[in-house]
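Below you'll find the structure, written out as structure tokens, and then a few comments.
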Amino acid sequence: MSDSEDDVPLGYKAQRKLQVTSDYDSDDDVPLQKRSQVNTSVKKEASSATLPALSNGSNGVKRKPEVQKDSRKKIKTEDSSDDEPLVKRVSRVKSEPNSNKPSANAAKKRVSSVKDESDDDVPLAKKTAKTTVKKATPRVKKEATPSTPSGRGKKTNEETPSKDKGKVKEEEEEETYKWWEDSNQDNTIKWNTLQHNGVLFPPDYIPHGVKMKYEGKVIELLPEAEEVAGFFAALLGSDHGNNPTFQKNFFNDWTELIKKVYAEKNQTPPPIKEFSKCDFTPMFEHFQREKEAKKSMTKEEKAEIKAQKLLIDEKYGYAILDGRREKVGNFRIEPPGLFRGRGEHPKTGCLKQRVQPEQVTINIGKEAKLPEAPPGHQWGKIIHDNTVTWLAMWKENVNDNIKYVFLAAGSSLKGQSDLKKFEKARNLKKLVGKIRRDYMNDLKDKVMATRQRATALYLIDRLALRAGNEKGDDEADTVGCCSLRYEHIELVPPNTVVFDFLGKDSIRYYNEVNVDEQVFKNLKLFKKPPKGEGDDLFDRLTTQSLNKHLSSLMPSLTAKVFRTYNASFTFQDELKKTPVDGTIAEKLLAYNRANRQVAVLCNHQRSVSKAHGAQMTRIQDKLRALKYQRRRHKQQLALMDPKLKKKRPELFEPESDLEDEWVEEYEKDMLEKEREKIKAKFEKDNQVLKENKEKPLPQSELKELLSKVDEKAKELKQEKKTGEVYAIKKNATVERLETAISKLTERILTTKTTMVDKDENKTTALGTSKINYIDPRISAAWCKKYDVPLEKIFNKSLRDKFKWAMDVDDDWEF
Numbered sequence: 001m002s003d004s005e006d007d008v009p010l011g012y013k014a015q016r017k018l019q020v021t022s023d024y025d026s027d028d029d030v031p032l033q034k035r036s037q038v039n040t041s042v043k044k045e046a047s048s049a050t051l052p053a054l055s056n057g058s059n060g061v062k063r064k065p066e067v068q069k070d071s072r073k074k075i076k077t078e079d080s081s082d083d084e085p086l087v088k089r090v091s092r093v094k095s096e097p098n099s100n101k102p103s104a105n106a107a108k109k110r111v112s113s114v115k116d117e118s119d120d121d122v123p124l125a126k127k128t129a130k131t132t133v134k135k136a137t138p139r140v141k142k143e144a145t146p147s148t149p150s151g152r153g154k155k156t157n158e159e160t161p162s163k164d165k166g167k168v169k170e171e172e173e174e175e176t177y178k179w180w181e182d183s184n185q186d187n188t189i190k191w192n193t194l195q196h197n198g199v200l201f202p203p204d205y206i207p208h209g210v211k212m213k214y215e216g217k218v219i220e221l222l223p224e225a226e227e228v229a230g231f232f233a234a235l236l237g238s239d240h241g242n243n244p245t246f247q248k249n250f251f252n253d254w255t256e257l258i259k260k261v262y263a264e265k266n267q268t269p270p271p272i273k274e275f276s277k278c279d280f281t282p283m284f285e286h287f288q289r290e291k292e293a294k295k296s297m298t299k300e301e302k303a304e305i306k307a308q309k310l311l312i313d314e315k316y317g318y319a320i321l322d323g324r325r326e327k328v329g330n331f332r333i334e335p336p337g338l339f340r341g342r343g344e345h346p347k348t349g350c351l352k353q354r355v356q357p358e359q360v361t362i363n364i365g366k367e368a369k370l371p372e373a374p375p376g377h378q379w380g381k382i383i384h385d386n387t388v389t390w391l392a393m394w395k396e397n398v399n400d401n402i403k404y405v406f407l408a409a410g411s412s413l414k415g416q417s418d419l420k421k422f423e424k425a426r427n428l429k430k431l432v433g434k435i436r437r438d439y440m441n442d443l444k445d446k447v448m449a450t451r452q453r454a455t456a457l458y459l460i461d462r463l464a465l466r467a468g469n470e471k472g473d474d475e476a477d478t479v480g481c482c483s484l485r486y487e488h489i490e491l492v493p494p495n496t497v498v499f500d501f502l503g504k505d506s507i508r509y510y511n512e513v514n515v516d517e518q519v520f521k522n523l524k525l526f527k528k529p530p531k532g533e534g535d536d537l538f539d540r541l542t543t544q545s546l547n548k549h550l551s552s553l554m555p556s557l558t559a560k561v562f563r564t565y566n567a568s569f570t571f572q573d574e575l576k577k578t579p580v581d582g583t584i585a586e587k588l589l590a591y592n593r594a595n596r597q598v599a600v601l602c603n604h605q606r607s608v609s610k611a612h613g614a615q616m617t618r619i620q621d622k623l624r625a626l627k628y629q630r631r632r633h634k635q636q637l638a639l640m641d642p643k644l645k646k647k648r649p650e651l652f653e654p655e656s657d658l659e660d661e662w663v664e665e666y667e668k669d670m671l672e673k674e675r676e677k678i679k680a681k682f683e684k685d686n687q688v689l690k691e692n693k694e695k696p697l698p699q700s701e702l703k704e705l706l707s708k709v710d711e712k713a714k715e716l717k718q719e720k721k722t723g724e725v726y727a728i729k730k731n732a733t734v735e736r737l738e739t740a741i742s743k744l745t746e747r748i749l750t751t752k753t754t755m756v757d758k759d760e761n762k763t764t765a766l767g768t769s770k771i772n773y774i775d776p777r778i779s780a781a782w783c784k785k786y787d788v789p790l791e792k793i794f795n796k797s798l799r800d801k802f803k804w805a806m807d808v809d810d811d812w813e814f
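Going by UniProt numbering, the sequence shown opens with residue 1, and the numbers climb by one from there.
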């Protein structure tokens, strides 16, 4: 190996055969929150109500009066849309309460505001300009610009009074804390002041009155036992409900619970002895009816639920960290239920007991106001440890795992952790050449422990294997490199090794790979009798001893860093295949193909989803619909200028995949959707008129609108007879039709690219590698270099999570 190639991952372009058995889930320590982010104005308004200590100074932080005033002003400015009718707006403003207390109605309005102002698809540069204007433009200014009579045109910074520009800029700088530019970060002290409102417990169980049956007879159960019976009833017919291990564990825990609760109340337990005689169908049917009722809720009912959820999020969803308001991750205590696990977990179906406040430890600042425990309870412990980043913790009963509440993925603390992880992988790049030379020399070491360590390190580096940890008998039989057993590898001369084992989350890892000749000899030696099935392959090596050795080579270096390094290096190198002059879709295809190489390297595989076929069919139908539209444009163009057929024959090539049967079905569906759209708009308009106490639109207007669709149906029918196409574009010209055909051709190419991308990704999980193993700065630099909107790569949650990665130049390299 030459020095110039020292930093290239060994297994970068290794040929592999992968067999996939189940879905892969993200292994990030803190799952990304999928909930919508509340806008800045709502956050500022809620802070005084949900975190009282912020205003009374109990946490040592005082807000300037002028900042509070500006925040309230900003809330009022953003509360309504420019598109809102003036009469309706005036009516709404008059009805708004003056109190600053967050009510359910106010929360509903904020929910609506957040929803209306969603702009995930807007390029970031435009979004920033838009936000600046909204903050600076007075609400009363509704005059239309000359170029946009409707007043809906894009506003410019010229509308912003010059005296307010400095204040707006100052406010924005205060709201965005660029911690990654702070050179005074302490690796030990994580925070100086911390305040939050604790955790949210699930509601108590309320009996629904629907009884299960045993041997055909209705059984009366105490609420504690009925609740657990409901957990299983909800899963009838599912993979879990049909799993024998799941059934067995559930029944054992349930019957034990029945004995316990009935004994505590000196009552005779029901005669439930055999699982096969239990009938949970009545409960299951009750839950199905509840699901249907939830789907049919009115708009008002849904809005009320959203409003209540927002109030909860405002109270528990934010913490004050060193004077900054930051979002909390999952502050909800997981409700009781049946443990599911992944793969063939031996504890699947076991009862997850309800967590009580006495089990919870709260971590908070010394000067902060303590969150109140639920009535009748108290917290297990209150600590003030500023060397850790969690806000609360407790232990769950099934696997005795510690559960934590952290700040959200986009918080400064989580961002600092991510940045350190990727910087550590970048630092490995400087030493990886020497490390590889050393472990290649150690492959022949006379000490068996050293030889095993070198062989394991070779496999971890080349194949991006996880290091692995020892598992107990009550845990899923998943392994990593250090815990591989005799039966997990097969040796095929001269130097092929076949790996077949269950990795993390019980994902099957199957790989046939050619290895170095000395590695093959070592593995053959490690399998030498008297070793047999069940024996450890690396019996002189543990994950701890391997990581201890690595940390002596580079501070904080562990086996996992190799995985991050190899993933990021491979990804960056694969991105060089991006077509410079390609379309956005073609560039995204290249991006996803690079990501897929990393996913294959890291074994981030999944089985083909049940919905994949239907999704591909929908894309195919969309493609055909575009071709259908293009064909009609071509036909109209030919009628307008018959000479074009000879001048430009490429314009009139026949469209593929447009069989008569499909066209007939498509036209029928198209007309029906148009009718439904007209009816829905008519009903919506009447609903608005009703709310404004105005006269509704007459039914005759609806009939007139529908009659136009009927006329179109007659025209399409006539076209089939005559072969002549009716005008599909008003005021059409040859130039306009040619432009429309060109745009449709671009959309067709984009859709074809999407189909290829989706089909290639059907067995690969791209999210895990992009979120956890690939340095996000590579993606940010790539977007700038190839002029791809960042929103195409990272959704809003990931853009918040990786704020620190967005400040790179287009020539940044890992």
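Note that the Cβ used here is the ideal one computed from N, Cα and C, for glycine as well.
query	result
Less than 8 Å between the beta carbons of residue 682 and residue 564, yes or no?	no
Residue 194 and residue 331 - do their beta-carbons sit closer together than 8 Å?	no
Measure the beta-carbon distance from residue 499 to residue 337 and round it to whole angstroms, keeping in mind my assumption that it falls under 8 Å.	About 35 Å separates the two Cβ atoms, so there is no contact after all.
Give the C-beta separation of residue 315 and residue 469 to the nearest angstrom, bearing in mind that I take them to be a contact with Cβ-Cβ under 8 Å.	With a Cβ gap of about 38 Å, residue 315 and residue 469 do not count as contacting.
Could you tell me whether the Cβ of residue 614 comes closer than 8 Å to any Cβ of chain B?	No chain B appears in the structure shown, which is made up of a single protein chain.
Suppose the cutoff is 6 Å on Cβ atoms and the five residues either side in sequence are ignored; what does the same chain contact list for residue 801 look like?	409, 410
Which whole-angstrom value is the C-beta distance of residue 541 and residue 456, which I expect to be below 8 Å?	6 Å
Do you know how far the Cα of residue 371 is from the Cα of residue 393?	14 Å
What residue from 646, 623, 636, 638 has the CA that sits closest to residue 662's CA?	623
Opposite residue 512 in the DSSP bridges: which residues?	498
Can you tell me which of the three DSSP states residue 680 falls into?	helix
What span of residues does the beta strand (DSSP E) with residue 320 cover, start to end?	318-321
Quickly, what does DSSP pair residue 383 with across the bridge? List them, please.	363
Since residue 392 sits in a beta bridge, which residues does DSSP pair it with?	362, 405
Do residue 627 and residue 651 have their C-beta atoms closer together than 8 Å?	no
Can you tell which of 309, 399, 312 has the C-alpha that lies nearest to the C-alpha of residue 353?	399
Under 8 Å, do residue 599 and residue 575 count as touching if we go by C-beta distance?	no
What residues match up with residue 489 in a beta bridge as DSSP calls it?	499
On the three-state DSSP scale, how would you describe residue 200?	strand
Based on DSSP bridge pairs, tell me the residues matched to residue 195.	320
For residue 554, which residues of its own chain have a beta-carbon under 6 Å away from its beta-carbon, when the five flanking residues on both sides are left out?	431
With 16 other CB atoms within 10 Å as the buried threshold, where does residue 492 fall?	exposed
Give a yes or no on whether the C-beta atoms belonging to residue 250 and residue 349 are separated by under 8 Å.	yes
Please give the ranges of any beta strand (DSSP E) in the stretch 298-357, keeping only runs that are unbroken, at least 3 residues long and fully inside the region.	318-321, 324-327
What's the call for residue 799, buried or exposed, on a 16-neighbour Cβ count within 10 Å?	buried
Would you decide whether residue 794 is buried or exposed? Buried here means 16 or more other CB atoms lie within 10 Å of its CB.	buried
Using DSSP with H/G/I as helix, E/B as strand and the rest coil, what is residue 398?	coil
Here's the rule: buried if 16 or more other CB atoms are within 10 angstroms of the residue's CB, otherwise exposed. What is residue 614?	exposed
What separation, rounded to the nearest whole angstrom, lies between the Cα atoms of residue 495 and residue 522?	11 Å
Are residue 385 and residue 401 touching if we call contact CB-CB under 8 Å?	no
Can you name the start and end residues of the alpha helix (DSSP H) that residue 205 belongs to?	Run containing residue 205: none; DSSP gives neither H nor E here.
Taking residue 273 as the reference, give the member of 264, 282, 253 with the closest Cα.	253
Output yes or no for whether 8 Å exceeds the beta carbon distance between residue 234 and residue 287.	yes
In chain order, what residues of the same chain lie with their CB nearer than 7 Å to the CB of residue 812, ignoring the 5 residues before and after it?	777, 781
Within 10 angstroms of its Cβ, does residue 548 collect 16 or more other Cβ (buried), or is it exposed?	exposed
What are the partner residues of residue 278, as DSSP defines its beta bridges?	214
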